[in-house]
Structure formats: structure tokens, C-alpha cells
Amino acid sequence: MSYITDHLLAMSFPAERMRAIYRNPLWQVKDVLDMRHSGHYKVYNLCAEESYDPSHFHGRVEVFPFDDNHVPSLFLIKCFCESVQSWLSYDPENVAVIHCMAGKGRTGLMVCAYLVYSGMSADEALQMYAHKRTVNNEGVSIPSQRRYVGYWSSILSYPCRTSDGPPDVNLPQQSRRELRRIRLYDVVDISSVFFVISEMQEVPCQLSCQPVEVIKSCCREAKQGHRRTSSPRFYLIDYDEEEIKGGAETPHFVMQMDIEISAIYQKKCLDYYFEQPCQVRLFIIVIGHSITLLFFLLFI
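For what it's worth, the UniProt record's numbering labels the leading residue of the sequence shown as 1, then goes sequentially.
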């Protein structure tokens, strides 16, 4: 557990049972906080992969989840900073205890975001966190997480700040992109591909983004005559399995996947062409059969 400031604490995940051997034992964390800041601490859990009973900390737990080694949405950063500011300003003795799993990357990003929210520059916040939290002054080491502290600082530089309060945060509108083609390289001995394309969207009353299906379909080799081409082609079809078994003659093309030999790599690849550009925003996840992550795209 490290004091970044007198009112901001960073720590690793408060663990129970066997994991308490190599992580912060939850009961010890609770005892220390109750002894030093009785009735005046609130715990912020940044883990998307793990949680615990808030009653361990008298119900004063708030969750702002995002994945390890990743960055949160700007909306999540905004809500986090406003929550910490509200808690700390409620009583001058209040402290905010912030953790992820290791208590380094995600914790550092959000601690630095709040320090920037409080008036520091991004570089000052990152340097302060590195000095206070890590013995080697490494601090936040993942490039994308460091960049997001800078992005947050840039956003806060636009609105007019007042000297006696936090800034008003005006988040930019999320840009949309047209998805026209998806290419898979190094495809060997594959005749069909089942997959789902999901777009991560903000859900009302939830702070984390949730995957929402955009397309769920199957790639199959089209019958001769559907397209005039000498090269093998696969097409996404939107009729169900019953229609397939019934011998449907004409596929309903949603998007197209070509097989070609790359002149550079001399390896087989699959191209997915959307007949109509698919509008997506934020980032999308493409998952194959058996829940295999094919790839994801991030738009900022």
C-alpha cells in the first residue's frame, strides 16, 4: 500500500484464501484502513476480472472496471475522477484507496488521471506516481496507458477552469468508422468459418462498455455460378441452418471473403468484404468458432 498523496492510496488486489499468500491479505488491508482512516476511506476497484464483497470495507466500495493491460473509456475516467472528487471533498479526512490486480498499471492510469483532474500536468502526474509507487521509478509502463493520461490532460485543457473547483469535462463525440473489409492471414485447410463481430457500446446505468453483436454468421464456399471468378471465394450467408439443409440455391450475401495468394508473403489469406460498409465506433471484437478471439480493432 502506497500513499501517492495524503488522500490518495494505491495498492494491489485485497485477496482472500490461498491468494492472500502472495497478494495483499484482505483482512490485513481492512485492519490497516480501519486503524488509520476509520470511517473515512472508500475503496475503488478497477478490476474487470475480480471482485469481492463490499461489506468487507463497510460497503464503501465503488467499481470502475476495465481489462488488465488495457485502457478505459474516457467516460469511465470522467466518472471515476468525479466520484473521487466528490468523496474527498465531502470530508477533509476522507481518503480514496485505488487498486487493480497488481496495483500498478490500471491503478497508475486512474491515479494520474485524477491528479491531472486536480491540476497537475500529465508528465508531473506520471512522475509523481512512479516515484511514490515503484522502487525503480517505472510507474505506468504500458504505452497506451501513459498516452491516455496525456489524452485526458488534453481534454481538460479545453474547458474554462475555475480556481476553486474541478473543471467541467466536455468529452469529444465518439467517431464512427466504415468497416469495409477484414483480412485473415495464414489460413490453412479451412473451408468455412463461424464468427461473431461485436461492437463495444456504452450501456445505460453501467460504467463499462459491453459487447453488442453487429454480425453473427458463417463463411462457406459459394456454389459454382454465383460469382464469375476463377479463384475460390467464400461468402457470408444470413440464412439459418434449416435453409442450408433444405438446399437453398441463392446465398444472401452480407459480405464476401476471398482467398488469394499474397505476392509478398506467398501465404493464403481470407478477405471479408462488406457489400455495404458497416458503421462501427469505439472498438470491435471478432470472435471465431469455439470463442477464439481472431482480433480486435480500436478507433480513437
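Glycine is no exception: its CB is placed at the ideal position from the N, C-alpha and C atoms.
What does the alpha-carbon distance come out to for the pair residue i and residue j?
| i | j | result |
| --- | --- | --- |
| S118 | E16 | 34 Å |
| N24 | S12 | 6 Å |
| V63 | L46 | 6 Å |
| A10 | Y44 | 10 Å |
| V149 | E50 | 24 Å |
| E124 | D67 | 25 Å |
| H99 | R106 | 8 Å |
| H37 | P54 | 17 Å |
| S157 | Q276 | 39 Å |
| S86 | V140 | 25 Å |
| H131 | M110 | 16 Å |
| V29 | V97 | 10 Å |
| T14 | L8 | Contrary to the premise, residue 14 reads as Pro rather than Thr in this sequence. P14 and L8: Cα-Cα distance of roughly 17 Å. |
| L126 | A20 | 29 Å |
| V71 | S153 | 15 Å |
| D34 | E213 | 45 Å |
| S2 | N69 | 21 Å |
| G59 | M18 | 24 Å |
| L88 | C112 | 16 Å |
| W27 | V95 | 19 Å |
| E93 | Y52 | 25 Å |
| I197 | E138 | 37 Å |
| V169 | I142 | 25 Å |
| A48 | P65 | 4 Å |
| L298 | Y151 | Low confidence applies to L298: its pLDDT is 48, below 50, so where it sits in the model is not reliable, and the reading given next is rough at best. The straight-line gap from Cα to Cα measures roughly 15 Å. |
| I215 | M120 | 43 Å |
For residue i, tell me which candidate among the options has the shortest Cα-Cα distance.
| i | options | result |
| --- | --- | --- |
| C79 | R36, Y41, Y114, L8 | Y114 |
| residue 303 | Q28, V61, L26 | Residue 303 is absent from the structure shown; the chain starts at 1 and stops at 300. |
| V135 | K104, R147, S38, I155 | K104 |
| Q145 | A122, Y22, I215 | A122 |
| T5 | Y129, Y151, D31 | Y129 |
| V32 | F57, Y22, A48 | F57 |
| M101 | G59, Y22, W27, S73 | Y22 |
| E82 | Y52, N137, G59, V116 | V116 |
| D91 | N137, K42, V169 | K42 |
Please name the residue or residues paired with residue i in a DSSP beta bridge.
| i | result |
| --- | --- |
| E213 | S198 |
| K42 | A96 |
| S2 | A10 |
| residue 316 | Only positions 1 to 300 of the chain appear in this structure, which leaves residue 316 out of reach. |
| P25 | A15 |
| V61 | V43 |
If contacts are defined as beta-carbon pairs under 8 Å, then residue i and residue j qualify, I think. What distance do you get, rounded to the angstrom?
| i | j | result |
| --- | --- | --- |
| R133 | G108 | 7 Å |
| I155 | L74 | 7 Å |
Kindly say whether residue i, judged by its beta-carbon, lies nearer than 8 Å to any beta-carbon of chain B.
| i | result |
| --- | --- |
| V71 | No chain B is part of this structure, which consists of one protein chain only. |
Taking 7 Å as the line, does the beta carbon of residue i fall inside it for any heavy atom of the ligand ATP?
| i | result |
| --- | --- |
| L76 | In the structure shown, the ligand ATP is absent, as is every other ligand, since no ligand is present at all. |
Query - Continuous alpha helix (DSSP H) assignments of at least 4 residues falling wholly in the UniProt domain "Tyrosine specific protein phosphatases" (78–133) - result: If we require 4 residues or more, the alpha helix (DSSP H) runs fully inside the UniProt domain "Tyrosine specific protein phosphatases" (78–133) come out as 105–117, 122–133.
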